[in-house]
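Novice: Heads up: take any position in the sequence shown, counting from 1, add 23, and you land on the numbering used here.
Supplied in structure tokens, the structure appears directly below.
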Amino acid sequence: MNFEKYRPVLWSLALLVMMQPVSASAQCRLCTAAPGGPTASQSAEKPEKPLQIQITTNLDFSRLALLNRSGGEIHLDPQSRERRVSGSLRDLGGLSLHGEGRLTGEPGRLVKVQMPERITLSAPNGSTAELVRLDTNLPAQPRLDRDGRLSFVFGGRLRVNGNVSGQFRGRIAITAEYE
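The structure is reproduced here in structure tokens:
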């Protein structure tokens, strides 16, 4: 059955159910507290704010030249914010950028940020390169500040082997969760 044509109707019904007035005349005996104690509604914890991640700056290794088939590596270090080129790669100038991200969520909560171990990047011509050893500048136990925010920088190593060329692209699946 095709439910697409019924979607507006289903949404309307859902909105009508949510907008029904709550009857104030019915009292819950279970919600009544012992004298001097909190009610059930007061002792229930508010739901936690979902943790969100936003990438504010993409990782960009800039322009490089591969001098021979032996390959090379460029490292964008998130701790020192330095850029190091090794092997048969040569820097052609341009601006390289460390990635930057921001977490928002429940103020004061410890968080865990996970980066993939490796990512295969590809160019439109079919060439591939590997992004490895991704890392952040986060401390061992990162915590959201009192406003529920935490900014971080990330980097890694781009490894190029053989006779490859092109503008390499890929997606980095960064995940974050409360501890």
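Backbone N, C-alpha and C define an ideal beta-carbon position, used for all residues, glycine too.
Please read all numbers here as calculations on a predicted model, not as lab measurements.
Kindly identify the DSSP beta-bridge partner or partners of Thr198.
Specialist: DSSP output for Thr198 lists Gln137 as bridge partner(s).
Novice: Given a cut-off of 8 Å, decide if Glu202 and Leu133 are closer than it, judged by their beta-carbon atoms.
Specialist: Yes. Within cutoff.
Novice: In whole angstroms, what is the alpha-carbon distance linking Ser66 and Ile195?
Specialist: Since pLDDT at Ser66 reaches only 45, below the 50 mark, its modelled position is unreliable, and the value read off the structure follows with that caveat. Whole-angstrom Cα-Cα distance: 41 Å.
Novice: With a CB to CB cut of under 6 Å and the five nearest residues on each side skipped, what residues in its chain are close to Arg86?
Specialist: Within the same chain, Arg86 has close Cβ partners Leu115, Gly117.
Novice: On the premise that Gly193 lies in contact with Leu144, defined as a C-beta separation below 8 Å, what is that separation, rounded to the nearest angstrom?
Specialist: Confirmed, about 4 Å.
Novice: How do the segment 134–143 and the segment 99–108 stand: do at least 3 beta-carbon pairs fall below 8 Å, yes or no?
Specialist: Touching, no, given that fewer than three Cβ pairs across the two stretches are closer than 8 Å.
Novice: Quickly, what does DSSP pair Leu181 with across the bridge? List them, please.
Specialist: Ile97, Leu154, per the DSSP bridge assignment.
Novice: So, at 6 Å on beta carbons, what are the nonlocal neighbours of Phe177 in its own chain, with the 5 sequence-adjacent residues on each side left out?
Specialist: If we look at Phe177 and ignore the five residues flanking it on each side, its Cβ neighbours are Pro101, Gly122, Thr159.
Novice: Just list the residues that DSSP pairs Gln75 with in beta bridges.
Specialist: Note: Gln75 sits in a beta bridge opposite Thr127.
Novice: Taking Ser109 as part of the beta strand (DSSP E), name the residues at either end of that continuous run.
Specialist: Per DSSP, Ser109 belongs to the beta strand (DSSP E) from 106–110.
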